[in-house]
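FYI, in my numbering the residues of the sequence shown are 178 to 550.
Structure first, commentary second.
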Amino acid sequence: MKTMLLALLISALIILPISSSSSSSSPPKRAGPPAHYVIRSSDLPTTLQFLTKVLHLRVLRHEENPTPCAITCNGEYAVPWSKTMVGTAPEDEAYALEVTYNYGIAGYERGTMLVGFGIYVDDLVDSIETAMELGYAVKGRVVTGPDGYRYRLEYRPEHKLDRRREPFHTVYFAVPDPEATADWYAETIGAVPVPVKNELGADRTIGFHPEATGQAATLGWKGEGVVFHFTTAVKTGGATGGTGAVVTQFDGRNALSLPAEQIRSIHKTLLEKQPERIAHELQELDEGNVGLGILLILIITDPNGLELCLVSSEAFEPAIRDAADFLGPDYDTRKKLAIEYAEAVAEAKKETPDTFGWAVVGNEHIDLSHMEL
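Next comes the structure, spelled out in structure tokens:
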């Protein structure tokens, strides 16, 4: 059982040996701990078309998983799944999206915590026109893509010495108490406040890179790193009792790469003071046989129920360095897999029927159109 669990976890993160070429080169590294964000896809070809044609991202790697992830990487779905990493550069160089597809899932119940993503593009007009041609809703610079995920598009800023490499600049969230949320990230994970021009009084923006301190900017900050913006969830009434805050599988998972010592400290503190925040016990994978040492994986939730995946940077960063092969999914193979997995999907659907299809019970009122990015 233990061996099977380790295999599943290793598959989930694609741990690969370090090649001799990677040790001799020094490509620019991703700024700060934010590594990637997990989103869901009910139609993988459509999602990838949007991300590549509208946002001008590219597939970094793709993998098929015949069994559910042991630490719910694919959400709470007991079905075979796939993940496709999408970005602009290998994952140790830039932020990315992890697109998870669950076989047999027709759609996802809409949450309200994840409002959307802020991303820079080289040709804003082309991106907007392409989105409209493909039939996506566009409001100003905000495009609503597949499965309802929203993206605020901005021109990529030019620096004096070099243009910004990192396309993603902000992940936007709507929470009941932005200030308390920002304080929790500061106290628990070591985030720092990021001053933002024209920010509403109750809103808070945080970053995880030293450059964030004192760097005021219109969007995010002038450094390369991705920041997280928390605004107040609007009370909409309805089945949630008026809280305006609903967490579902749609809201995904936020991955951060942190030093192993810090992750152990976070785990110890949460065990003592906030054990309810630990979604999965600390995983320790011995990757010494491929020169990576111990890989730590800790899945926790913030005070709002948003999931965070903390991975130890000492092993994670070299693992993902060589993982990018820039190969997308083989759709002919996926058609065969869908048939092969039909029995497993049917069994899962029988066990938990409410998680399949567009499960909107209790969420009919959710509408993020009022929430500005």
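All C-beta atoms in this analysis are idealised placements derived from N, C-alpha and C, irrespective of residue type, glycine included.
Linking R441 to Y508 through their CA atoms gives a straight-line distance of about 41 angstroms. With a threshold of 16 other beta carbon atoms within 10 Å, Y214 meets it and is buried. The straight-line gap separating the alpha-carbon atoms of Y328 and V371 is approximately 21 angstroms. Three or more beta-carbon pairs drawn from the stretch 470-480 and the stretch 450-460 are found closer than 8 angstroms, and the two stretches are therefore classed as touching. Remark: fewer than three beta-carbon pairs, one from each stretch, lie closer than 8 angstroms, so the stretch 315-323 and the stretch 445-458 are not flagged as touching. A contact is defined here as three or more CB-CB pairs under 8 angstroms, and the stretch 282-291 fails this definition with respect to the stretch 221-241.
Residue range 430-435 is occupied by the beta strand (DSSP E) that includes S434.
The alpha helix (DSSP H) runs of length 4 or more contained entirely in the stretch 219-304 are, from start to end of the chain, 221-230. In this chain, the beta strand (DSSP E) harbouring K316 covers 314-316.
The beta carbon of P355 is closer than 7 angstroms to those of A379, D380, R381, F407, T408, T409 in its chain, skipping five residues each way along the sequence. Cβ neighbours of E484 within its own chain (closer than 6 angstroms, five residues either side excluded): R430, T478. DSSP, reduced to helix, strand and coil, places G384 within a strand of the structure shown. Between the C-alpha atoms of V424 and P480 there is a straight-line separation of about 11 angstroms. Residue state for L514 is assigned as helix, using DSSP reduced to three classes.
Collapsing the DSSP output to three states places L447 in a helix.
Nearest C-alpha to I497 among I296, D360, A363, R238: R238. Between L433 and A212, the C-beta spacing is below 9 angstroms.
Excluding its 5 nearest sequence neighbours in each direction, L311 has C-beta neighbours in its own chain below 8 angstroms: Q226, F227, K230, V231, listed in chain order. Residue pairing by DSSP leaves T532 without any beta bridge partner. Shown here for K450: not one same chain residue has a beta carbon closer than 7 angstroms to its own, the five before and five after excluded.
Under the DSSP assignment, R498 falls in the alpha helix (DSSP H) whose first and last residues are 490-498. Between the alpha carbons of P210 and G384 lies a distance of about 9 angstroms.
For E310, the secondary structure class from DSSP, reduced to helix, strand or coil, is helix.
DSSP, reduced to helix, strand and coil, places P452 within a helical segment of the structure shown. As computed with DSSP, E484 is found in a beta bridge with R430, T478. Y272 is positioned such that its CB atom lies closer than 9 angstroms to that of V403. In the three-state DSSP reduction, A519 falls in the helix class (H, G or I). The bridge partners DSSP lists for H457 are I476.
At least 9 angstroms separates the beta-carbon of T532 from that of Y326. Distance from the Cα of D324 is smallest, within the candidate group D428, P530, D299, for D428.
In this structure, the straight-line span from the alpha carbon of I282 to that of S219 is close to 6 angstroms. Here the alpha carbons of E306 and P436 stand approximately 42 angstroms from one another. For T365, there is no enclosing beta strand (DSSP E); the enclosing alpha helix (DSSP H) covers residues 355-366.
Collapsing the DSSP output to three states places Y214 in a strand.
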